[in-house]
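Here the structure is laid out as structure tokens; the discussion comes afterwards.
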Amino acid sequence: EKAPKRFVIFPGSGGVKRDIENPEPRLGGESIASVLRSVGAQIRESWCGPCFGQGPDALKKGEIAITSFNRNWQNRMGVGGLGYLASPAVVASSALLGYMAGPTQLGIKWDPERFDVST
16 EKAPKRFVIF
26 PGSGGVKRDI
36 ENPEPRLGGE
46 SIASVLRSVG
56 AQIRESWCGP
66 CFGQGPDALK
76 KGEIAITSFN
86 RNWQNRMGVG
96 GLGYLASPAV
106 VASSALLGYM
116 AGPTQLGIKW
126 DPERFDVST
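For the sequence shown, the residue numbers in our numbering are 16 to 134.
Printed below as a string of structure tokens:
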């Protein structure tokens with residue numbers, strides 16, 4: 016099933032982009048990138064613009080992004096855009112599902128580390 020909205024992926028580095036293009040034995044030799052493209056993903060080059068709302072891929076008003084980078088504030092990824100921060104596991108499972116969800120939604124056992132942030 017194709018993703019209903021624009022589905023753009025910016026790998027964290029050139030190395031990550033190369034890795035996801037390689038055949039993956041656990042996927043029957045298909046690459047992670049080809050699986051993501053099969054549901055409508057566009058895989059772009061890794062660069063800084065989208066992270067801080069610059070360039071053609073900055074979020075527009077009402078657009079939503081989920082990312083695993085470590086900083087966020089209003090309008091950071093584009094004026095009027097909504098950026099959500101999550102763990103890499105949640106970002107990956109959300110990409111596969113088409114909505115924000117953790118790996119358990121894919122039937123994968125997931126026991127994330129817990130950190131006390133109340134102090």
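Quick reminder that beta carbons are idealized off the backbone N, C-alpha and C, glycines included. Nothing here was measured: the structure is a model prediction, and the numbers come from that model.
*Starting from the C-beta of Ala101, find all residues in its chain whose C-beta is less than 6 Å away, skip the five residues before and the five after it, and write them out in chain order.*
As a first step, residue 101 is located in the sequence shown; it is residue number 86 there, counting from the start. Cβ neighbours of Ala101 beyond the five flanking positions: Ile81.
*Would you list the residues sitting across from Thr82 in a DSSP beta bridge?*
Working through the sequence shown from its first residue, we reach residue 82 at position 67. Per DSSP, Leu100.
*For Ile47, which three-state DSSP category applies?*
The count along the sequence shown starts at 1 and reaches residue 47 at position 32. Three-state DSSP puts Ile47 in a helix.
_On the criterion of 16 or more Cβ atoms from any shown chain inside 10 Å, does Ile79 qualify as buried, or is it exposed?_
The sequence position of residue 79 within the sequence shown is 64, counting from 1. Ile79 is exposed by the Cβ-count criterion.
*If you draw a straight line from the alpha carbon of Trp62 to that of Tyr99, how long is it in whole angstroms?*
Stepping through the sequence shown from its first residue, residue 62 is reached at position 47. Stepping through the sequence shown from its first residue, residue 99 is reached at position 84. When rounded, the distance between both Cα atoms is 19 Å.
*Within 10 angstroms of its Cβ, does Ser108 collect 16 or more other Cβ (buried), or is it exposed?*
Taking the first residue of the sequence shown as 1, we reach residue 108 at position 93. Buried, because 16 or more other Cβ atoms sit within 10 Å of the Cβ of Ser108.
*For Gly96, collect the residues of the same chain with a Cβ closer than 8 Å to its Cβ; drop the 5 residues on either side in sequence, then sort them by chain order.*
As a first step, residue 96 must be located in the sequence shown, where it is residue number 81. Contacts found: Gly68, Ala73, Leu74, Lys75, Lys76, Gly77, Glu78, Ile79, Ala80, Asn90.
*asked:* Quick check on Phe130: buried or exposed, where buried means 16 or more other Cβ atoms within 10 Å of its Cβ?
replied: Residue mapping note: residue 130 aligns to position 115 of the sequence shown, counting from 1. Exposed, since its Cβ has fewer than 16 Cβ neighbours within 10 Å.
_Out of Thr119, Tyr114, Pro26, which one is the CA nearest neighbour of Ile47?_
By one-based count along the sequence shown, residue 47 stands at place 32. Nearest option by C-alpha distance: Pro26.
*asked:* Just to confirm the assignment, what range does the beta strand (DSSP E) spanning Val23 have?
replied: For the purposes of this step, residue 23 is identified with residue 8 of the sequence shown, where counting begins at 1. Residues 22-24.
_Is the beta carbon of Ala110 closer than 8 Å to that of Leu42?_
Mapped onto the sequence shown, residue 42 falls at position 27. Mapped onto the sequence shown, residue 110 falls at position 95. For Leu42 and Ala110, no; Cβs fall outside 8 Å.
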